[in-house]
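Undergrad:
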Amino acid sequence: MSSEVVGYRRDGDGAHPPYLYPDYRATRVRAPERPLLLLRHTLSEVTGPVFGHDRVDAGEADLTAQHEGEALGERIIVSGRVLDEDGRPVRDTLVEIWQANAAGRYHHDVDRHPAPLDPNFTGAGRCITDAEGRYRFVTVKPGAYPWKNHDNAWRAAHIHVSLFGPAFATRLVTQMYFPGDPLFFQDPIFQSVRDPDARERMISGFDLETTVPEWALAYRFDIVLRGREAIPTED
Amino acid sequence: MPGLTPSQTVGPFFAIGLDRDPRANVLVDDPGALRLAGTVFDAEGPVVDALLEIWQANGAGRYAHPEDERSDLPLADGFTGFGRCATDAEGRYEFRTVKPGPVPGPGGRPQAPHIDVSVFARGLLNRVVTRVYFPDEAEINAADPVLATIEDPQRRSTLVAQAEDWGLRFDIHLQGESETAFFAV
């Protein structure tokens, strides 16, 4: 084996948000203040956890059917592909999602928003991408909710999405938003992504093709993880 | 070429999706396992809503991943090298694992044994990444190519765990005077 590994490309276009974004208050006490140290990728960073299909039950991708009754709300299908920056599918990778219920309430002790809990909705799902990098969840459209960050602050409706990709270096946690949300302008978590094109990439698209007539609407959300650096040619 | 999907915070409610397996912090399930534990702090005190993830080689220095092609090194059954732990009401976390063996680094030089760590939390728009090094490896740590890139000895020392009678303590300071050294990965 060659002693030099091929690393993953860096975020040259500034897609990711800064650590410190003062409008999002919690960053003020948690953002590191010293410059990050550049870590040249080693075997430790180009490897990462491997999740087999055997560890995830197919039923975990349907968030509306995890309890005795059906979850309340507008039923939606959220699907898309996980790709790398070269457009190649990221296959066999774990996708984990969590979200508020249709009323904007999380199934979590810390959530004090006085909106109803739905006993038939926990709000967590998992699946593994197929050979084309595709994933698909059935869920309900999450509600917006207030969060006290500033006066009359409301989070734009979103679904949290966590991905591993092939390596420690490709780990990503993001949020998927819905098209046309009137709350974007005042949501500093959404606005923390400074590049408007990059911000746009967090917004799912209405996906008529995937809707199921008489049953569910659909949104498409493709996710792009880091691509690999060019493999050096042999002299 | 498609553009990267930006990172966003895990928020305060990640446990719903990411902290569902109470054994996710146990990489090695035997009484002799190494206890690696500590507290996460921000500028105001312990962080009670952080999620830590670790990634490491096994005791022989092999990663359970297809790109580690050193098939002469054993892969222990069931050792994934990955662990996850949410901090508790005091900001503490704990993993049960094994000290990893050495793995190759830049130029074929061996790296000192280390564990890669990601921290996610409300208020972190991106994860922070650090490494745990081992206090009983002073000589090998001194020659480590990654540690060597950190000029300030105080900052370098934030990456070396402290030996306790129960195991290893590795506290993480997101901000402030004792800020942990974090990497741009």
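In the order they appear, the protein sequences are chains L and R. Mind the numbering: the first sequence is residues 0 to 234 in numbering that gives the first Met the number 0, read in order. Mind the numbering: the second sequence is residues 0 to 184 in numbering that gives the first Met the number 0, read in order. The beta-carbon is built from N, C-alpha and C at its ideal position, and this holds for glycine as well.
How would you label residue 175 of chain L, buried or exposed, when you count the other beta carbons within 10 angstroms and need 16 or more for buried?
TA: Classification for residue 175 of chain L: buried.
Undergrad: Which bits of chain L does residue 6 of chain R rub up against, with CB to CB less than 7 Å?
TA: Per Cβ cutoff of 7 Å: 15, 16, 171, 172 and 173.
Undergrad: Say whether chain R places a C-beta atom closer than 8 Å to the C-beta of residue 111 of chain L.
TA: For residue 111 of chain L, the answer is no, since every Cβ of chain R falls outside 8 Å of its Cβ.
Undergrad: Within 8 Å, do at least three Cβ pairs link the region 39-53 of chain L to the region 64-78 of chain L?
TA: No: the two stretches stay apart, fewer than three of their Cβ pairs being nearer than 8 Å.
Undergrad: Tell me which same chain residues have a C-beta within less than 6 Å of the C-beta of residue 0 of chain L, skipping the five on either side of it?
TA: Low confidence applies to residue 0 of chain L: its pLDDT is 48, below 50, so where it sits in the model is not reliable enough to give any reading.
Undergrad: Where does residue 159 of chain L sit, in a helix, a strand or coil, going by DSSP?
TA: Looking at residue 159 of chain L - three-state DSSP - the assignment turns out to be strand.
Undergrad: Pick out the complete beta strand (DSSP E) segments inside the region 131-174 of chain R, 3 residues or longer, and give them in chain order.
TA: Entirely contained in the region 131-174 of chain R, the beta strand (DSSP E) runs reaching 3 residues are, in chain order, 161-163 and 166-168.
Undergrad: Could you check whether the region 53-63 of chain L touches the region 125-140 of chain L, counting it as contact only if at least three pairs of C-beta atoms, one from each stretch, sit closer than 8 Å?
TA: With a cut-off of 8 Å, the region 125-140 of chain L and the region 53-63 of chain L count as touching, because enough Cβ pairs lie within range.
Undergrad: Mind reading off the beta-carbon distance from residue 36 of chain R to residue 89 of chain R? Whole number of angstroms is fine, and I expect it under 8 Å.
TA: Incorrect: roughly 11 Å between the Cβ atoms, too far for contact.
Undergrad: Could you check what DSSP says for residue 0 of chain L in three-state terms: helix, strand or coil?
TA: For residue 0 of chain L, the pLDDT reaches just 48, beneath the cut-off of 50, and the residue's location in the model is therefore unreliable, leaving the point undetermined.
Undergrad: Can you look up residue 191 of chain L in the DSSP assignment and give me helix, strand or coil?
TA: Coil, per DSSP.
Undergrad: Quick test of the definition: if touching needs 3 or more C-beta pairs under 8 Å, does the region 10-28 of chain L touch the region 114-129 of chain R?
TA: Yes: the two stretches touch, three or more of their Cβ pairs being nearer than 8 Å.
Undergrad: Does residue 188 of chain L come within less than 8 Å of chain R when only Cβ atoms are used?
TA: Yes, residue 188 of chain L counts as interfacial toward chain R.
Undergrad: Please confirm whether residue 17 of chain R has its beta-carbon closer than 8 Å to some beta-carbon of chain L.
TA: Output row for residue 17 of chain R: interface = yes.
Undergrad: According to DSSP, simplified to helix, strand and coil, what is residue 28 of chain L?
TA: Helix.
Undergrad: For residue 216 of chain L, which residues does DSSP report across the bridge?
TA: Beta-bridge pairing links residue 216 of chain L to L:75.
Undergrad: So which residues on chain R does residue 46 of chain L lean against when the C-beta distance must stay under 7 Å?
TA: The answer, in chain order, is 62, 64, 66 and 67.
Undergrad: CB residue 168 of chain L to CB residue 225 of chain L, shorter than 8 Å?
TA: Yes.
Undergrad: Give the secondary structure of residue 174 of chain L by DSSP, where H, G and I count as helix, E and B as strand, and everything else as coil.
TA: Residue 174 of chain L: strand per DSSP, three-state reduction.
Undergrad: Applying a beta-carbon distance threshold of less than 8 Å, which residues of chain L neighbour residue 54 of chain R?
TA: Result: 43, 46, 47, 48 and 167.
Undergrad: In chain order, what residues of the same chain lie with their CB nearer than 6 Å to the CB of residue 22 of chain L, ignoring the 5 residues before and after it?
TA: The residues are 187.
Undergrad: Based on DSSP bridge pairs, tell me the residues matched to residue 149 of chain L.
TA: According to DSSP, which records beta bridges pairwise, residue 149 of chain L is partnered with nothing at all.
Undergrad: By the DSSP assignment, the alpha helix (DSSP H) with residue 94 of chain L in it spans what residues?
TA: Where residue 94 of chain L is concerned, there is no enclosing alpha helix (DSSP H), although the beta strand (DSSP E) it sits in stretches over 93-98.
Undergrad: From the DSSP secondary-structure annotation, give me the bridge partner or partners of residue 183 of chain R.
TA: For residue 183 of chain R, which the question treats as bridged, DSSP gives the partners L:37.
Undergrad: Would you say residue 125 of chain R reaches chain L, if we count a Cβ-Cβ gap shorter than 8 Å as a contact?
TA: For residue 125 of chain R, the answer is yes, since a Cβ of chain L falls inside 8 Å of its Cβ.
Undergrad: Grouping DSSP H, G and I as helix and E and B as strand, with all else coil, what is residue 15 of chain R?
TA: In the structure shown, residue 15 of chain R sits in a helix (DSSP, three-state: H, G or I).
Undergrad: Closest by CA to residue 131 of chain L, which one among L:37, L:75, L:222 and L:5?
TA: Residue L:222 is the option with its Cα nearest to residue 131 of chain L.
Undergrad: Give the interface partners of residue 131 of chain L over in chain R, defined as CB-CB distance under 8 Å, in chain order.
TA: Simply none; closest approach about 15 Å.
Undergrad: Where does residue 50 of chain L fall in DSSP's three states?
TA: Here residue 50 of chain L sits in coil by DSSP.
Undergrad: Using a threshold of 8 Å, state whether the C-beta atoms of residue 49 of chain L and residue 162 of chain L are closer than that.
TA: Cβ atoms of residue 49 of chain L and residue 162 of chain L: not closer than 8 Å.
Undergrad: Less than 8 Å between the C-beta atoms of residue 84 of chain R and residue 51 of chain R, yes or no?
TA: In this structure, residue 51 of chain R lies closer than 8 Å to residue 84 of chain R by Cβ.
Undergrad: If you draw a straight line from the C-alpha of residue 164 of chain L to the C-alpha of residue 128 of chain R, how long is it?
TA: When rounded, the distance between both Cα atoms is 16 Å.
Undergrad: Please identify, using Cβ separations under 9 Å, the residues of the region 200-218 of chain L that lie next to chain R, in order along the chain.
TA: So the close ones are 200 and 201.
Undergrad: What would DSSP say about residue 120 of chain R, mapped onto helix, strand or coil?
TA: Strand at residue 120 of chain R.
Undergrad: Any contact between the region 100-116 of chain L and the region 140-160 of chain L? By contact I mean 3 or more CB pairs, one from each, below 8 Å.
TA: They touch, by the three-pair rule.
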